[in-house]
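Data block below; observations after.
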Amino acid sequence: MPVIPISQQIKRTGKIEPVKLIIVGAGKMGGAILTGALRAEIFTTDEVGIYHPDPKRRKYLCEQFQVLEVTEKDILKAEAILIAVKPQVFLAKTAPLLKGSRASFISIMAGVSAETLASSLDSNIITRAMPNLGSHVGLSATAITSNSEATPKQVDFTIRLFKSVGKVYPIPETMFDSFTGLAASGPAFAAVVAEAMADGGVRVGFTREIAADLVRQVLLATAQLLEAKGPASIKDEVSSAGGTTITGIKALEKHRIRYALIDAIEAATSRAKQLREDHH
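Set out below in structure tokens:
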């Protein structure tokens, strides 16, 4: 099915219809958000477009998602613009392209503050969102914050957009670095724990395939149990007196697993703050 550029759509209808959303970038995260939003029917494919500076890449993405193709001259014709590019690309190339638009801006860039976005875009209609890797499976934890000039309708649109890929947490921007350290980096920390557990399984005799599958099942079940119980309750329920689990927990405590995880989150938060200051 051929991609329809916005300019051709205007010629066909004889009028300019503002596109509900234009995604600038549309990498893995932007693509996951677009997929979730289309599945949730927040908009139709003829109400959303993708802009990418590389025409071949732009055409490929638009064909992949069956949405409108957006060029430089069309990019300002949007009700909302989702900025999904790397911070260094934004400051050097994207901001000058978007400056002057009356659209509301939604940024998923890490480390670029609302203040920097506002000054770079010459706009105060700014919402920041911080999704995590869970967006690829509809289980994202997404932080959202907006400035005072974003209208309730615009904020509601952003919340609905990110609810299509998981759960939304409205928080003050001052907590974004902490959110990055815990929720955005968290999947990697959990993956390291999973990998280490699988290594342990191999160490005690399982094949790599079976060990990895057992760990995956254990973590899936634990995540479900955490919906109804606190982590301490789950630990206590499994740990019988003088048994195998409490012995294993003693080994974990000996190697300071709690300290290591707390320190990892603090270190990731500090790095997020440093990156934000570098982009200011």
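Its first residue numbered 12, the sequence shown is counted upward by one per residue in our numbering. Even glycine gets a Cβ: it sits at the ideal position worked out from N, Cα and C. Small disclaimer: the values here were computed from a predicted structure and weren't measured.
Quiz item: Any idea which residues DSSP pairs residue 173 with across the strands?
Solution: According to DSSP, residue 173 bridges with nothing at all.
Quiz item: Sorted by chain position, which residues of the same chain lie with C-beta nearer than 7 Å to residue 41's C-beta, five sequence neighbours on each side aside?
Solution: Excluding sequence positions up to five before and after residue 41, its CB lies within less than 7 Å of the CB of 34, 93, 95, all in the same chain and listed in chain order.
Quiz item: How many Å lie between residue 231 and residue 131 at the Cα?
Solution: The alpha-carbon of residue 231 is positioned some 43 Å away from that of residue 131.
Practice problem: Alpha carbon to alpha carbon, how far is residue 139 from residue 117? Give it in angstroms, no decimals. | Solution: Going by the C-alpha atoms only, they are around 6 Å apart.
Quiz item: Considering only residues of the same chain and omitting the five flanking positions on each side of residue 167, which have a CB-CB separation below 7 Å?
Solution: Here the set comprises nothing.
Quiz item: Bridge partners of residue 278, per DSSP?
Solution: Partner(s): none; residue 278 has no beta bridge.
Quiz item: What does DSSP give as the partner residues of residue 148 in its beta bridges?
Solution: According to DSSP, residue 148 bridges with nothing at all.
Quiz item: Beta carbon of residue 216, beta carbon of residue 177: below 9 Å?
Solution: Between residue 216 and residue 177, the C-beta spacing is not below 9 Å.
Self-check item: Residues bridged to residue 179 (per DSSP)
Solution: DSSP lists 153 as partners of residue 179.
Quiz item: Helix or strand or just coil, what does DSSP make of residue 214?
Solution: Correct three-state label for residue 214: helix.
Quiz item: Helix, strand or coil: which one does DSSP assign to residue 237?
Solution: Residue 237 sits in coil when the DSSP states are folded into three classes, being neither helix nor strand.
Quiz item: In this structure, does DSSP put residue 127 in helix, strand or coil?
Solution: When DSSP states are grouped into helix, strand and coil, residue 127 belongs to the helix group.
Practice problem: Examine the Cβ distances between the stretch 190 to 197 and the stretch 56 to 65 and report whether three or more of them are shorter than 8 Å. | Solution: Fewer than three Cβ pairs drawn from the stretch 190 to 197 and the stretch 56 to 65 lie within less than 8 Å of each other, which leaves the two stretches out of contact.
Quiz prompt | For residue 117, the three-state DSSP class (helix, strand or coil) | solution = The answer is strand: DSSP assigns residue 117 an E or B state.
Quiz prompt | N-terminal and C-terminal residue of the beta strand (DSSP E) that residue 95 is part of | solution = DSSP places residue 95 in no beta strand (DSSP E); its state is neither H nor E.
Exercise. Identify which residue in 109, 161, 171, 97 has its Cα closest to the Cα of residue 88.
Key: Checked all of 109, 161, 171, 97; the closest Cα to residue 88 is 109.
Quiz item: Can you give the Cα-Cα distance for residue 175 and residue 244, rounded to whole angstroms?
Solution: Residue 175 and residue 244: Cα-Cα distance of roughly 31 Å.
Quiz item: For the candidate residues 181, 273, 67, 48, whose alpha-carbon lies nearest to that of residue 141?
Solution: Ranked by Cα distance from residue 141, the first of 181, 273, 67, 48 is 181.
Quiz item: How about residue 159 and residue 134: are their beta carbons less than 9 Å apart?
Solution: Going by beta carbons, residue 159 and residue 134 fall outside the 9 Å limit.
Quiz item: Going along the chain, which residues of its own chain have a beta-carbon closer than 8 Å to the beta-carbon of residue 214, five neighbours each way excluded?
Solution: Contacts found: none.
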